[in-house]
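Visitor: What follows is a structure written as structure tokens; I'll ask about it next.
Numbering (full-length UniProt numbering), first residue to last: 1 to 367.
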């Protein structure tokens with residue numbers, strides 16, 4: 001279990017304090033915007049990705065505050081987005097803030113999320129939800145106990161390319177799914193707190209589970225630490241599903257070029273979602289045919305058929321979905337149930353990397 005880092009978001013008031021611009025919210029207004037019923041949002045942790053989250057919530061008209069230990073970062077974002085800077089304690093105590101988007105280092109996710117839920121806030125947590133399964137379960141239980149929305153940042157669920165691929169599978173266009181290959185490779189960014197499994201694989205595990213409609217019966221994983229022996233820079237996972245389908249997931253931040261590709265091999269056709277290609281080629285169907293007619297393998301190649309998809313920013317769609325769920329109370333696509341399913345696979349993969357054994361699905365309690 002990774003040690004939990006000390007929270008550094010409450011020590012002192014940001015220079016961009018309560019007197020800084022407060023966006024659209026007037027003092028004394030409750031946590032839902034009076035005109036559109038959208039909750040006002042505070043973003044906790046404004047590193048590279050947290051800034052993107054702040055940008056999206058600002059464009060949706062709901063960004064109230066940003067929290068970060070770096071004063072220059074806070075001052076820059078308050079000037080850019082017209083929000084205010086604050087400490088975590090201040091946003092937790094503010095009845096005008098209805099939800100928190102947490103983009104701190106992962107080791108702080110449980111601590112900040114539980115504090116937010118205890119304060120009655122809805123919570124969006126950037127992936128991974130936590131760095132171990134017990135912490136994830138604790139956050140989910142806190143959300144359910146508080147009757148608040150909990151959503152995890154599995155952003156590719158909101159990518160129109162993946163949505164198109166998922167529809168191809170659901171429609172039967174590809175036939176029966178036989179195998180899935182997922183590669184998430186690049187040179188960097190190398191993390192300090194988590195290995196490549198926890199940093200990169202949540203995306204692909206989330207997509208594979210959505211395509212397969214359930215959790216794998218077995219999980220096997222191998223990791224390689226080159227920069228630090230105790231931290232895997234590359235991880236290969238094999239997920240075995242009921243009936244025989246398998247998914248191979250390969251992630252690494254030590255790779256000569258960027259590759260974000262998800263391939264589905266079906267009994268009738270194959271399809272690929274390649275996020276490194278232009279939008280008109282991100283999703284393509286490969287209607288190749290392979291048969292054993294007459295006892296001899298026959299391969300008939302066919303040209304790929306591109307699938308038309310609308311260009312849209314996945315993160316903006318993700319943030320809008322979170323707001324919608326806060327308003328309606330609906331379970332997010334990447335809500336508590338989905339988050340726990342992903343965390344279970346990651347937990348089993350981490351165990352397999354240690355003992356070099358395949359980890360079966362946990363036994364279900366009898367009714």
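All residues carry an ideal CB built from backbone N, CA and C; glycine is no exception.
Keep in mind it's a predicted model, so treat the numbers as computed, not measured.
1. Verify whether the separation of the beta carbon atoms of residue 175 and residue 103 is less than 7 Å.
2. Quick one: measure Cβ to Cβ for residue 245 and residue 212, integer angstroms, because I've assumed they're closer than 8 Å.
3. Quick one: using the 10 Å Cβ neighbour count with 16 as the cut-off for buried, is residue 192 buried or exposed?
4. I need the DSSP call for residue 427, collapsed to helix, strand or coil.
5. By how many angstroms is the C-alpha of residue 96 removed from the C-alpha of residue 29?
6. Just confirm the distance between the C-beta atoms of residue 262 and residue 207, as a whole number of angstroms; I'd bet it's less than 8 Å.
7. Go through its chain and collect everything with a Cβ distance to residue 22's Cβ below 6 Å, but skip five positions before and after it.
8. Taking residue 63 as part of the beta strand (DSSP E), name the residues at either end of that continuous run.
9. Could you spell out where the beta strand (DSSP E) holding residue 322 opens and where it closes?
10. In the DSSP assignment, the alpha helix (DSSP H) including residue 247 goes from what residue to what residue?
11. Could you pull the start and end residues of the alpha helix (DSSP H) that residue 193 belongs to?
12. Relative to the C-alpha of residue 157, which residue among 335, 348 and 199 is closest?
13. Tell me, to the nearest whole angstrom, how far the beta carbon of residue 269 is from that of residue 286; I am working on the premise that it is less than 8 Å.
14. Exposed or buried, residue 338, counting other C-beta atoms within 10 Å across all chains shown (16 or more means buried)?
15. Just to confirm, is the Cβ distance from residue 253 to residue 351 under 7 Å?
16. From 162, 258 and 98, pick the residue whose C-alpha is nearest to that of residue 271; which is it?
17. Quick one: complete beta strand (DSSP E) runs, 3+ long, within the stretch 67 to 128?
18. What is the rounded straight-line gap between the Cα of residue 99 and the Cα of residue 360?
19. Rounded to whole angstroms, what's the CA-CA distance from residue 284 to residue 107? Just pull it up for me.
20. Beta carbon of residue 201, beta carbon of residue 251: below 7 Å?
21. For residue 266, I'd like the list of residues in its chain whose CB is within less than 7 Å of its CB, leaving aside the five on either flank, ordered along the chain.
22. Would you call residue 348 buried or exposed, if buried means 16 or more other Cβ atoms sit within 10 Å of its Cβ?
23. Which partner residues does residue 224 have in the DSSP bridge list?
24. Using only CA atoms, which one of 151, 139, 264 and 150 lies nearest to residue 172?
25. Is residue 216 near the ligand ADP, going by C-beta to nearest heavy atom under 6 Å?
Guide: Short version:
1. Taking the chain shown and counting its residues from 1, the one referred to as residue 175 is at position 175. Taking the chain shown and counting its residues from 1, the one referred to as residue 103 is at position 103. Taking 7 Å as the Cβ cut-off, residue 175 and residue 103 do not qualify as a contacting pair.
2. If you number the chain shown from 1, residue 245 lands on position 245. If you number the chain shown from 1, residue 212 lands on position 212. With a Cβ gap of about 7 Å, residue 245 and residue 212 count as contacting.
3. Taking the first residue of the chain shown as 1, we reach residue 192 at position 192. Classification of residue 192: exposed, given that the 10 Å Cβ count is below 16.
4. Since the first residue of the chain shown is 1 and the last is 367, residue 427 is not available in this structure.
5. On the chain shown, position 29 is the one that residue 29 refers to. On the chain shown, position 96 is the one that residue 96 refers to. In this prediction, residue 29 has a pLDDT of 36, which is less than 50 and means its spatial position is unreliable; what the coordinates show is noted afterwards. So the alpha carbons of these two residues sit roughly 6 Å apart.
6. Position 262 of the chain shown, counted from the start, is the residue given in the question as residue 262. Position 207 of the chain shown, counted from the start, is the residue given in the question as residue 207. That belief holds up - the Cβ atoms of residue 262 and residue 207 are roughly 6 Å apart, short of 8 Å.
7. By 1-based counting over the chain shown, the position of residue 22 is 22. Since pLDDT at residue 22 reaches only 33, below the 50 mark, its modelled position is unreliable, and no value is offered.
8. Here residue 63 refers to the residue found at position 63 of the chain shown. Per DSSP, residue 63 belongs to the beta strand (DSSP E) from 63 to 67.
9. Numbered from 1 along the chain shown, position 322 holds the residue referred to as residue 322. Where residue 322 is concerned, there is no enclosing beta strand (DSSP E), although the alpha helix (DSSP H) it sits in stretches over 314 to 328.
10. Translated into the one-based positions of the chain shown, residue 247 becomes position 247. No alpha helix (DSSP H) contains residue 247, which is instead part of the beta strand (DSSP E) from 246 to 252.
11. What you label residue 193 is simply residue 193 of the chain shown in a count that begins at 1. Per DSSP, residue 193 belongs to no alpha helix (DSSP H) and is neither H nor E.
12. For the purposes of this step, residue 157 is identified with residue 157 of the chain shown, where counting begins at 1. Nearest of 335, 348 and 199 to residue 157, Cα basis: 335.
13. The residue labelled residue 269 in the question sits at position 269 within the chain shown. The residue labelled residue 286 in the question sits at position 286 within the chain shown. Yes, residue 269 and residue 286 are in contact; Cβ-Cβ is about 7 Å, under 8 Å.
14. Translated into positions along the chain shown, residue 338 becomes position 338. Buried, because 16 or more other Cβ atoms sit within 10 Å of the Cβ of residue 338.
15. Numbered from its first residue, the chain shown carries residue 253 at position 253. Numbered from its first residue, the chain shown carries residue 351 at position 351. Their beta carbons are not under 7 Å apart, which means residue 253 does not touch residue 351 by this criterion.
16. Walking along the chain shown from the start, residue 271 turns up at place 271. It is 162.
17. 99 to 102 and 122 to 126
18. Indexing the chain shown from 1 puts residue 99 at position 99. Indexing the chain shown from 1 puts residue 360 at position 360. Going by the C-alpha atoms only, they are around 37 Å apart.
19. Within the chain shown, numbered from 1, the residue matching residue 284 stands at position 284. Within the chain shown, numbered from 1, the residue matching residue 107 stands at position 107. Each residue's Cα considered, the two are about 38 Å apart.
20. Locating residue 201 in the chain shown gives position 201, where the first residue counts as 1. Locating residue 251 in the chain shown gives position 251, where the first residue counts as 1. Result yes, Cβ atoms of residue 201 and residue 251 sit closer than 7 Å.
21. Within the chain shown, the letter at position 266 stands for residue 266. So the qualifying residues of the chain are 174, 175, 176, 177 and 178.
22. The count along the chain shown starts at 1 and reaches residue 348 at position 348. With 16 or more Cβ atoms within 10 Å of its Cβ, residue 348 is classed as buried.
23. Taking the first residue of the chain shown as position 1, residue 224 is located at position 224. Bridge partners of residue 224: 234.
24. Taking the first residue of the chain shown as 1, we reach residue 172 at position 172. For residue 172, the nearest C-alpha among the options comes from 264.
25. The ligand content of the structure shown is nil, which means the ligand ADP is not present either.
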